[in-house]
Amino acid sequence: MPRVEIARVDGMKFPSLERLQARGTRKWTVYDDDVLPLWIAESDFPTAPAVKEVLQQMVDNETFGYTPAPRASGLMDSLADFYEQRYGWRPNPRRVYWIGDVVRGLLLGVQYFTRPDSPVIVPVPSYPPLLALPGAAGREKVETSLELDDIERAFADGAGSILLANPYNPLGIVFDADYLNKLVELADKYDARILVDEIHAPLVFDGKHIPVAGLSDTAAERVFTVTATSKAWNTAGLKCAQVVLSNAEDDRIWKSLDGVTKDGTGTLGVLAAEAAYRDGVDFLDEEVEYLRETRDWLVEELPRRVPGLKTTHPDATYLLWLDFSETKIGDNPHPAQWVRENAKVAFNEGETFGTGGLHHARLNFSTSREILEQALDRLEAAFK
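The letter at position 381 of the sequence shown is residue 841 when you use this note's numbering, and the numbering goes up by one with no holes.
Shown next, in the form of structure tokens:
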């Protein structure tokens, strides 16, 4: 194996650019090596020691068979402990189940836990797979804003569920209890479900993440939650998300689904997720602090390097939503393509996030300060 070069940046250690490219994951293989990839929500942090250690043990033990029996796994209790300590709500570990990934879990949520054939609300801008999910489930998609009046109109017109990223991707919003309680009231009023993606919940800088299902008994009945260690501990390729159910009827329905419907979880992912929740908190805290400082630096530095650029100041996630409409390419509806071709930096194209995404792009800042400095230099040169 090639030597791993480590660059220390603000208390965190990152592999060198060459070593990151050698990971060979999607982030590093879609574009040519001369493009700096700040697009897909995959981080460049080194693997948390607790996760790396358990994976190494599994390799040494040749633990490559099927997933363990749930009774032999500590994942459910580890997740429940983490939720209680981090967010102040303890889900019932007996109602926590694994699934291959969050999108798959939400797809099953739409298919089996909402009114048959009812439309699905997707607020925009939205994480692109959520926009595709209603169609994959054979449902109509209804795009709305995050305004509660807009959401209520969609419920009143017959929508049976809403897909909500909490915290919100790509805007980095940490929803407060007032907003979430009002959303629960609307769901209850219109006999609808709230299908929640909490994958970014560990990455909160300002405020506190509130699990929607833990707000009230009514919320527990209306909410279907899916989460994962994929973003906070960069484990997406290990294929293990968690469905967190909060009422007996949902639990009954889940248990009635056959294995073909629910299979797809990786054995390494189960043990890695358990280790992350149980033993990866110190690493997470250091990561969050680094991301907080990086966010503050970028929000100040980006408009200086790119005149006219506007950016969000996210309270969570490692994602910035960039508005290029007042830059020198303001008449270009696809700024990410222009930036990739002219600055050799890859962002996600805003158009893929739904209505209102034109002239926007999403930037992933979960990388070293050195790589971000290179990206800023390239952007500054391209926008002169």
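Glycine residues also receive a C-beta, built at the ideal position from the N, C-alpha and C atoms.
Only residues of its own chain outside the window of five on either side were considered, and among them Leu-731, Ala-732, Ala-735 have a CB closer than 7 Å to the CB of Val-514, listed in chain order.
Taking 7 Å as the cut-off, the Cβ atoms of Asp-657 and Val-703 do not count as close. For Pro-589, DSSP assigns no beta-bridge partner whatsoever. A distance below 8 Å between beta-carbons, with the five flanking residues on each side excluded, links Lys-788 to the following residues of its chain, in chain order: Pro-767, Gly-768, Phe-843. Taking 7 Å as the cut-off, the beta carbon of Ala-692 is found closer than this to the beta carbon of Leu-663.
Taking C-beta atoms as the reference points, Arg-682 and Val-644 count as a pair closer than 7 Å. Selection Pro-528, Pro-579, Pro-774, Arg-575 evaluated against Pro-594 yields Pro-579 as nearest (Cα-Cα).
With a cut-off of 8 Å on Cβ pairs, the segment 743–761 is not in contact with the segment 556–563, counting fewer than three such pairs. Note on Thr-827: 16 or more other CB atoms within 10 angstroms of its CB, so buried under the neighbour-count rule. The C-alpha of Phe-524 lies about 11 Å from the C-alpha of Gly-729.
Sorting Asp-711, Ala-696, Glu-830, Gly-719 by C-alpha distance to the C-alpha of Lys-487 places Ala-696 at the top. Contact check for Asp-745 against Gly-632 fails: the beta carbons are separated by 7 Å or more. Nearest Cα to Ser-785 within the set Lys-804, Ala-821, Val-759, His-773: Ala-821.
Between the segment 569–584 and the segment 622–629 there are three or more inter-stretch CB-CB distances shorter than 8 Å, so the stretches are counted as touching. With distances taken between CA atoms, His-819 lies nearest to Trp-781 out of Trp-781, Arg-829, Lys-804.
Considering only Arg-653, Leu-762, His-660, the residue with the shortest C-alpha distance to Asp-710 is Arg-653.
Secondary structure at Val-634: coil, using DSSP grouped into helix, strand and coil.
Within the segment 567–613, the complete alpha helix (DSSP H) runs of at least 4 residues fall at 588–596. Taking 7 Å as the cut-off, the beta carbon of Phe-635 is found no closer than this to the beta carbon of Asn-629. Of the candidates Ile-659, Leu-640, Gln-481, the residue whose Cα lies closest to the Cα of Leu-608 is Leu-640.
DSSP places Phe-542 inside the alpha helix (DSSP H), whose first and last residues are 535–547. Per the Cβ contact rule, the segment 822–841 is in contact with the segment 792–803 (3 or more Cβ pairs under 8 Å). In the displayed model, Ser-826 falls within coil according to three-state DSSP, outside both helix and strand. In the same chain as Tyr-572, and ignoring 5 residues on each side of it, the C-beta atoms closer than 7 Å to its own belong to Ile-713, Leu-717, in chain order. With fewer than 16 other CB atoms across the displayed protein chains lying within 10 angstroms of its CB, Asn-521 is exposed. Cβ atoms of Thr-721 and Tyr-526 stay farther apart than 8 Å, at about 16 Å. Along the length of the segment 677–764, whole beta strand (DSSP E) runs at least 3 residues long occupy 683–688, 701–704, reported in chain order.
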